[in-house]
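J.: For the sequence shown, the UniProt record's numbering gives the first residue as 1, with consecutive numbering after it.
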Amino acid sequence: MYLSTFFIMDVASTIPYQGIAYLVNGEVREGMVYSLLGLLRLWRLRKVKQFFTRLEKDIRFSYFWVRCARLIAVTLFLVHCAGCLYYLLADRYPDRDKTWIGAVIPNFRQESLWIRYISSIYWSITTMTTVGYGDLHAQNNLEMIFNIFYMLFNLGLTAYLIGNMTNLVVEGTRRTMEFRNSIRAASNFVCRNHLPPRLQQQILAYMCLKFRAESLNQQQLMDQLPKPICKSICEHLFLPVVKEVYLFRGISREAQLLLVTKTKPEYIPPKEDVIVQNEAADDVYIVVSGEVEIIYFNGEREEVMGKLGTMDIFGEVSALSDRPQTFTFRTRTLSQLLRLKQATLREVMQSKPDDSALIVRNFLKHQIEVHDMKELLGESTGAGGSGNIVPCNLLTVAATGNAGFLEDLLKVGMDPDVGDSKGRTALHIAASKGYEGCVQALLMHGCNINIKDAQGTTALWHAIAARHHKVFSNLYHVARVSNPRAGGDLLCLAARRGDVDTLRELLKRGLDLDSEDHAGATALRVALSEGQADVARFLVMNGASVDKASLDDDDGSAPRQTTVSAGELRELVKMREVGHPITIYDSPASTVTAASSSSGELRQGRFPIPVSTRPDSTHWPRVSIYKGHPFVRNHSSESGKLINLPATMEGFKTIIGEKLKVDAEKALILNGEGAEIDSLDVIRDNDKLFIVTEEHMRMLASMDSSVALSHTSSVGSAVSAAHAI
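Listed below in structure tokens is the structure:
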């Protein structure tokens, strides 16, 4: 190939034609032919160009200085050629006195060759680098023509040199220039929006740290390399870190390499949120260097829950459980992180079943250690087994909230009703933690919702006790199908334990206080028999039936451990009745005194009844206020408030707005019969008043429309029947 391209020209440019003529004829020959043959040596400039090109690509040399040397060499060569051609014009001109060099050196042929060469180079480079005085002064027409083209050529050469030098300088400072532009833009933004100095300093500090961190990111380089080289680099840099992460500990080397090659290293500046609380699960991060803070936001302020360091991992709980992020993870220092996509992790686990099972075990073991749930391990970690082996059973999976894994285990036939050492099933655990997905999966596979643990509580109790209302609603809807008295069992259990808070939650969920358990007892009867006086008072004041409580046993004896007498119960019932007069003493500090000795607790402050006097020497009435219309309100509605009646209607509406969180100015005040009240004079002690807002009126109007439509339909049917007859 080379013989058919440049070989002939390379040979012709290297032959010394004048030397060969001297050897043949014994004398040095000069003439036009030898001069033209000598120009063939310019072909070898290709080699010089290739030489500089190789130097520019050689990383051992600075590209900037090699480029500068190349530009200098080009400039000197062109100056040399111009000087030689200009001297050639003067030497060949017939009248040597009318040449540029003859005007300076009249007998220039008598001077040495070195003097003539220096003169030519001097005037050539002066013409190239200056404008105006100092240029070559043409003495004849040939020299003028040469100067025209030479100076035009100098114009292009100067632009080429300046452009190359500018590009070299700008490219070397491009990042700094962009950084300065961004700082200037940020400063203008701060001034335009009048941000405080503290916030301005934070913005500038963050941008400075981000500028320094950008130079550390190597992902752009990694993207340019072939996959085998990238795999080797990742193996060398990150495999020692990945293999020590708890989630991937013990898995095969092939799976570890597969995970390492799928990760992307990133440098994150300090104080930057990597994962935000409640966002969807997407990535898993491994800390290579630096520190990451675990932050929980409770709606009002942030709380630092812990810190992560080298070889720690975060985001895996949400990625494996398909749940929103529980915490915010924020870098504390400049940190290098490995980012692994959730989909990539799932693909690796699906392609490696054995390693997938080990990853799940590592994950469950870590969750058990973090949440202190070692009792879920059962007998598998006893004396006969290794303490490091974590059973992949329903209990451990339910404890982590991983509905996907739980579904897989149930599909292979695992018993959903298996319990731990405390008698808790997977449903108990999922309900207590509020894992709705796990609860749904267990219900779909036919778990027994009525199983009780060692403490005698069901999953329903765990859900309502932990205030997981949505889980409780789902469970209660299912439980009523198989156990119509599930509500009564819960109420009686809460009464037996004296748990007023849970009773209040059950009341909000719409349970009937008079529901009976399997033994036929109501919550009030259980409270009375167990000596829970506070619970009994709460139940009575919220509408529990005293008659259904069966204050006497079947044999006529009173319930055991009863601490609330029948007289006090009757007094409590009277207190909740509309319009019942109460005893008011003149002293503001006095309280209601019952006839029975068992009502001593009232005098001790359990149920204080503050009193005052009006200007007209009458007492201040007490009224109960409720939200909703009296005609559509039922026993499952929200409980009301017992307040002292103020002196004015405006003050009354103000208290209503504060207590019930409604706009009382636009609301109607009705009594139990639905009559509107516009004066305080018609209100008596212990009246029940209902606050009806615009929303309640719309609900009532819609109900009236439905009734009207039903009535119209009935009348129409009757008329049609009459016509038919």
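Heads up, the beta-carbon is just placed ideally off N, CA and C, and yes, glycines get one too.
Should V292 be labelled buried (16 or more other beta-carbon atoms within 10 Å of its own) or exposed?
T.: buried
J.: Measure the C-alpha to C-alpha separation of N154 and T166 and round it to an integer number of angstroms.
T.: 18 Å
J.: Rounded to whole angstroms, what is the Cα-Cα separation between G674 and G487?
T.: About 32 Å.
J.: Would you report the Cα separation of P269 and Y285, rounded to the nearest angstrom?
T.: So the alpha carbons of these two residues sit roughly 15 Å apart.
J.: Would H518 be called buried (16 or more neighbouring beta carbons within 10 Å of its own) or exposed?
T.: An exposed status is given to H518, since fewer than 16 other beta-carbon atoms sit within 10 Å of its beta-carbon.
J.: Ignoring anything shorter than 3 residues, give me the beta strand (DSSP E) runs that lie fully in the UniProt domain "KHA" (622-709), in order along the chain.
T.: Entirely contained in the UniProt domain "KHA" (622-709), the beta strand (DSSP E) runs reaching 3 residues are, in chain order, 622-627, 641-644, 668-670, 687-692.
J.: When we look at the beta-carbon of I101 and count the other beta-carbons within 10 Å, is it buried (16 or more) or exposed?
T.: It counts as buried.
J.: By the three-class DSSP mapping on this structure, what secondary structure does S545 have?
T.: coil
J.: When you compare only the Cα positions, how much space is there between N351 and D512?
T.: Note that residue 351 corresponds to Ser in the displayed sequence, not to Asn. If I take the Cα positions, the gap works out to 54 Å.
J.: If contacts are defined as beta-carbon pairs under 8 Å, then A103 and Q139 qualify, I think. What distance do you get, rounded to the angstrom?
T.: 6 Å
J.: I'd like to check one pair, I429 with L475: are the Cβ atoms closer than 8 Å?
T.: Judged by beta-carbon spacing, I429 lies beyond the 8 Å limit of L475, meaning their Cβ atoms are not closer than that value.
J.: Please list, in chain order, all residues of the same chain as E409 whose beta carbon is under 7 Å from its beta carbon, the five residues on each side excluded.
T.: The sequence as given places Leu at residue 409; Glu does not occur at that position. Correct list, in chain order: L394, V397.
J.: Can you find at least 3 beta carbon pairs, one from the stretch 445-452 and one from the stretch 463-474, that sit closer than 8 Å?
T.: no
J.: For the beta strand (DSSP E) that contains G306, what are its first and last residues?
T.: 302-308
J.: How is G487 classed by DSSP in three states: helix, strand or coil?
T.: helix
J.: Tell whether a beta-carbon distance below 8 Å holds between V274 and Q256.
T.: Result no, Cβ atoms of V274 and Q256 do not sit closer than 8 Å.
J.: Looking at the strands, I want to know which residues DSSP matches up with K341.
T.: D283
J.: Considering only the beta carbon of each residue, do K271 and Y206 sit closer than 8 Å?
T.: yes
J.: Can you look up residue 757 in the DSSP assignment and give me helix, strand or coil?
T.: The requested residue 757 does not occur in the structure, where the chain is confined to residues 1 to 725.
J.: Counting C-beta neighbours from all protein chains within 10 Å, is the total for G315 16 or more, i.e. buried, or is it exposed?
T.: Label assigned to G315: buried.
J.: Taking D517 as part of the alpha helix (DSSP H), name the residues at either end of that continuous run.
T.: Per DSSP, D517 belongs to no alpha helix (DSSP H) and is neither H nor E.
J.: Please classify W123 as buried or exposed, where buried requires at least 16 other C-beta atoms within 10 Å of its C-beta.
T.: buried
J.: Who pairs with residue 750 in a beta bridge, going by DSSP?
T.: Because the chain spans 1 through 725 in this model, residue 750 falls outside it and cannot be assessed.
J.: Would you mind stating whether L660 and P621 have Cβ atoms separated by less than 8 Å?
T.: no
J.: Put Q367 into one of helix, strand or coil per three-state DSSP.
T.: helix
J.: According to DSSP, is V500 helix, strand or coil?
T.: helix
J.: Return the residue from the list N107, I145, T158 that minimises the CA-CA distance to T130.
T.: T158
J.: Which whole-angstrom value is the C-beta distance of S120 and Y86, which I expect to be below 8 Å?
T.: Yes, they are in contact, since the Cβ atoms of S120 and Y86 sit about 6 Å apart, within 8 Å.
J.: Around the Cβ of N362, are there at least 16 other Cβ atoms within 10 angstroms (buried) or fewer (exposed)?
T.: buried
J.: What are the start and end residues of the beta strand (DSSP E) that includes P265?
T.: Residue range 264-268 is occupied by the beta strand (DSSP E) that includes P265.
J.: Pick helix, strand or coil for F7, following the three-state DSSP scheme.
T.: helix
J.: Using the Cα positions of residue 775 and E347, report the straight-line distance between them to the nearest angstrom.
T.: Only positions 1 to 725 of the chain appear in the structure, and residue 775 is not among them; the question remains open.
J.: Using beta-carbon positions only, say whether P630 and G672 come within less than 8 Å of one another.
T.: Closer than 8 Å, so yes.
J.: If G172 and F64 are in contact, beta carbons under 8 Å, what's the gap, nearest whole angstrom?
T.: 7 Å
J.: If you follow the beta strand (DSSP E) that Y296 is part of, which residue opens it and which one closes it?
T.: For Y296, the enclosing beta strand (DSSP E) starts and ends at 292-297.
J.: Using DSSP with H/G/I as helix, E/B as strand and the rest coil, what is F314?
T.: strand
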